[in-house]
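In our numbering, the protein residues as written are 1417 to 1870. Report on one structure; see the data block that follows.
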């Protein structure tokens, strides 16, 4: 096992950053020790989470963080990407700070530093304070201002020990699933009227970059999800649908950040009295750009009879109003989530980013990559990680500047609308006892990193 593990990892640069990722709402629990978030309200509605669960306890990381940091340390990675819960720090999203909430992240950062693990906080991973949502949420410009103030509060407390920062996680998914399709919190089904949520998240990112820099931060990025879009056929209607989807899920979020402009036509529908000024803030120079990668997507024209709507795809229900329809990718193994395992798509994505953005592209970091499989002897996860690390290395060989790789996830957790039905962790969590058990993939990665370091 060790020899196989060492081969894809050992050729990476010596200063390449290896890490694991989690998010606050998915693992922390202790819901009664923070303010309410949109996910608390969402999961309280019967039927919205497939197994009927909530994250009120989750993995109880809030009380067991020392045990979890020890797992990170023993794994041998360099860094731990976690998220800060906005409602744990500012229960209403603004105003008075909750001292116990800040104290928790202060202790967590101290524990990581003592373990020799670099803390990499993400300031927003979808858990908007409920009070902020009730005041307009991400459709309101005020939320971007509130987020920047929150970023300043966190930086003032832990910035002396944190070097690497992430502003937002996956604004595309939060816009699509939470505001357009209503299948994640806050559960709004606005379709294209959700675009203000995209703009205000990007604006919040830019304002947070300014706030972090004012606090002395010098290593700031964002974690955006991306993947290649493959047309279902060479027919004009399929290529046009694929192009539309690609703009919506990839370029709508990357272009403003990296080029300072929206794709053609999208700027005209964004809620701003001075779009150029907003884009100047949004495109604040980044020290690196994070990519979450899981799978490519095959897209064609909207499906007609005999494919009645709603269309089910990767657990999502897609309405007929959309001008595209994802199709199944055949000929590849799939995860327990039904996602195709296509490692070469990662190489394709990274080289495409290099070609599209050129010298406007900062160094890249893979901020999430992982898969859902059951069992402690998770050989499928080992094969998945092995294949994607090889694909990542091929991108480096092709000249793409990638500086780090984070596995999603350290441990099994609350998987949003799926509840606890999907297990992405290197560490198994028994949700009845909360016992942690490292899986075969944990041991595989640990031995691989040891072999790399000699």
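By construction, the Cβ of each residue, glycine as well, lies at the ideal position given by its N, Cα and C atoms.
query	result
Would you call the CB atoms of residue 1670 and residue 1710 closer than 9 Å?	no
DSSP state of residue 1527, grouped into three classes?	helix
What does the Cβ neighbour count give for residue 1685, buried or exposed, with the cut at 16 atoms within 10 Å?	exposed
Ordered along the chain, which non-local residues of its own chain (more than five positions away) have a Cβ less than 7 Å from that of residue 1628?	1567, 1571, 1581 and 1636
Going by other Cβ atoms of all chains shown within 10 Å of its Cβ, with 16 needed for buried, is residue 1796 buried or exposed?	buried
Might you give, ordered along the chain, the residues of its own chain that have their beta carbon closer than 6 Å to the beta carbon of residue 1728, omitting 5 neighbours on each side?	Any reading at residue 1728 must be qualified, since the residue scores a pLDDT of 49, below 50, and its modelled position is unreliable; the value itself is stated next. Here the set comprises nothing.
Strictly by DSSP, which residues pair up with residue 1844?	1853
Return the residue from the list 1785, 1520, 1696 and 1454 that minimises the CA-CA distance to residue 1446.	1520
Pull up the DSSP beta-bridge partners for residue 1498, would you.	1537
Keeping to the same chain, check which residues put their C-beta closer than 6 Å to that of residue 1817; ignore five residues upstream and five downstream.	1779
Does DSSP put residue 1728 in a helix, a strand or coil?	Reliability fails at residue 1728, whose pLDDT of 49 lies under 50, so the model's placement of it is uncertain and the value that follows must be treated cautiously. Note: residue 1728 maps to strand in three-state DSSP.
Suppose you measure from the CA of residue 1739 to the CA of residue 1718; what does that come to, to the nearest Å?	6 Å
So, under 8 Å CB-CB, residue 1836 and residue 1821 are touching, yes? Tell me the CB distance rounded to an integer number of Å.	With a Cβ gap of about 26 Å, residue 1836 and residue 1821 do not count as contacting.
Going by the beta-carbon positions, is the gap between residue 1742 and residue 1767 smaller than 9 Å?	no
Is the region 1652 to 1663 touching the region 1591 to 1611, taking contact as three or more C-beta pairs under 8 Å?	no
Under 6 Å Cβ to Cβ from residue 1549, same chain only, skipping five residues before and after it: list those, please.	1454 and 1602
Where are the beta strand (DSSP E) runs, 3 residues long or more, that stay fully inside the region 1591 to 1642, in chain order?	1635 to 1641
Residue 1535: buried (16+ other C-beta within 10 angstroms of its C-beta) or exposed?	buried
Do you know whose CA, among 1514, 1510, 1499 and 1507, lies nearest residue 1525's CA?	1499
Residue 1755 by DSSP, collapsed to three states: which one?	coil
Note the first and the last residue of the continuous alpha helix (DSSP H) segment covering residue 1550.	1546 to 1550
First and last residue of the beta strand (DSSP E) that includes residue 1781?	1780 to 1784
What does a CB cutoff of less than 7 Å around residue 1694 pick up in its chain, not counting 5 residues either side in sequence?	1619 and 1688
Does the beta-carbon distance from residue 1759 to residue 1750 come in below 9 Å?	no
Near residue 1583, which residues of its chain fall below 6 Å by C-beta distance, leaving aside the five closest residues on each side in sequence?	1539, 1621, 1624 and 1638
What separation, rounded to the nearest whole angstrom, lies between the Cα atoms of residue 1531 and residue 1523?	12 Å
Please look up how many angstroms separate the CB atoms of residue 1707 and residue 1783, rounded, as I've assumed it's under 8 Å.	7 Å
Label residue 1563 either buried or exposed according to how many other C-beta atoms from any shown protein chain fall within 10 Å of its C-beta, with 16 as the threshold for buried.	buried
Note down, in chain order, each residue of its chain lying with its Cβ closer than 6 Å to the Cβ of residue 1798, except the 5 sequence neighbours on either side.	1857 and 1860
Which whole-angstrom value is the C-beta distance of residue 1437 and residue 1823, which I expect to be below 8 Å?	7 Å
Would DSSP call residue 1710 helix, strand or coil?	coil
Helix, strand or coil for residue 1819, going by three-state DSSP, please let me know.	strand
Measuring CA to CA, which of 1483, 1487 and 1456 is closest to residue 1472?	1456
Just to confirm the assignment, what range does the alpha helix (DSSP H) spanning residue 1743 have?	Careful: residue 1743 lies outside any alpha helix (DSSP H), inside the beta strand (DSSP E) at 1741 to 1743.
Look up residue 1470 in the DSSP assignment and say whether it is helix, strand or coil.	coil
Within 10 angstroms of the Cβ of residue 1559, are there 16 or more other Cβ atoms? Answer buried if so, exposed if not.	buried
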